[in-house]
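Below: the structure, in structure tokens.
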Amino acid sequence: MNSVSDSKVTGHTCDICGRIFSDLHSHRRIHTHDKAFTCNICGKSFHKRYYFNKHYLRHMDDKPFPCDLCNKSYACKSDLNMHHLVHMNKRPFVCDICNKAFFQKGHLHAHYRIHTSEKPYVCEMCGKAFSRSGNLRRHCRIHTDEKAFVCDVCGRGFSQKTDLGRHIHIHKDKKPFVCDICGKIFQREYYYENHYHTHKEEDSSVYDKQERAAEERTELKNLHN
Numbered sequence: 001m002n003s004v005s006d007s008k009v010t011g012h013t014c015d016i017c018g019r020i021f022s023d024l025h026s027h028r029r030i031h032t033h034d035k036a037f038t039c040n041i042c043g044k045s046f047h048k049r050y051y052f053n054k055h056y057l058r059h060m061d062d063k064p065f066p067c068d069l070c071n072k073s074y075a076c077k078s079d080l081n082m083h084h085l086v087h088m089n090k091r092p093f094v095c096d097i098c099n100k101a102f103f104q105k106g107h108l109h110a111h112y113r114i115h116t117s118e119k120p121y122v123c124e125m126c127g128k129a130f131s132r133s134g135n136l137r138r139h140c141r142i143h144t145d146e147k148a149f150v151c152d153v154c155g156r157g158f159s160q161k162t163d164l165g166r167h168i169h170i171h172k173d174k175k176p177f178v179c180d181i182c183g184k185i186f187q188r189e190y191y192y193e194n195h196y197h198t199h200k201e202e203d204s205s206v207y208d209k210q211e212r213a214a215e216e217r218t219e220l221k222n223l224h225n
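The structure is reproduced here in structure tokens:
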């Protein structure tokens, strides 16, 4: 007699979201925002070692998975597959509130916080909260004075990537606008003209003071005559 025994997948049920996991401890870090694995190169943290290992490969020079459409290369096959969605213009992860679509599931989860106003990432030094971990990392550089973005032309460091981007224009500008009064240099004519007018206003102010002083001296002289 043949007997058939039904086997069921066993696991542990999360008391927060109701989903079943074989490794419930690792899953609960998502809800508690406990990211135990931190990259010592860029400071980014992860809930699971698997995602940390994938991330760490991105810092390495070895990128054996090239895109045959744009020649970009990736350290992981999964990153290449995700990149292919860009060429196909496929955004499979859609917000069920506003219908905005994303290439990656993580981007959708971060987007949801716009609707919920959730800001789980809190600065330990000043208490300011952020909806994205990357925004918190950038903010923390204000307190540590870390300047992770360095100009490869002059070596000057900046805490924000946007500040470095603005600075680079100094080196790229072939025709800077130089003030012939004080020597200050500007990359845009608009800022140069605004600055130049300040000298005119200063000159005018000095002239007015000199003129008023001369008038007062003339009046005093007439009174004594």
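106 is the number that UniProt numbering gives to position 106 of the sequence shown; each next residue is one higher, with no gaps.
Yeah, the Cβ is synthetic: ideal placement off N, Cα and C, and Gly gets one too.
Does DSSP put residue i in a helix, a strand or coil?
i	result
G165	helix
G127	coil
residue 263	Given a span of 1 to 225 for the chain in the structure shown, any question on residue 263 remains unanswerable.
I185	strand
D145	coil
R137	helix
H109	helix
D79	helix
M88	helix
R28	helix
H115	helix
H59	coil
So, are the CB atoms of residue i and residue j less than 8 Å apart?
i	j	result
H55	K44	yes
residue 228	C182	Nothing can be reported for residue 228: it is not among the residues displayed for the chain, which extend from 1 to 225.
F102	H111	yes
S159	R141	yes
K161	F149	yes
C179	H197	no
Which residues does DSSP list as the beta-bridge partners of residue i?
i	result
A101	V94
T13	I20
S73	P66
V153	DSSP output for V153 lists no bridge partner at all.
Y121	F130
F177	F186
T38	S45
Who are the Cβ neighbours of residue i in its own chain at under 6 Å, not counting the five residues just before and after it?
i	result
R58	A75
I20	G11 and T13
G18	none
F186	F177 and Y192
I16	H31
I41	H59
Leaving out five residues on either side along the sequence, give the residues of the same chain with a beta carbon under 7 Å from the beta carbon of residue i.
i	result
M82	F103 and Q104
E146	S159
L24	H12 and C14
G134	none
Which same chain residues end up closer than 8 Å to residue i when comparing Cβ atoms and leaving out the 5 residues on each side of it in sequence?
i	result
I97	Y112 and H115
K72	P66 and H83
Next item on the list: Take every Cβ of the segment 66 to 79, pair it with every Cβ of the segment 137 to 156, and state whether three or more of those distances are shorter than 8 Å.
Entry: These segments do not touch.
Check: Between the segment 102 to 109 and the segment 117 to 134, do three or more beta carbon pairs fall short of 8 Å?
Finding: Cβ pair count under 8 Å is below three, so no.
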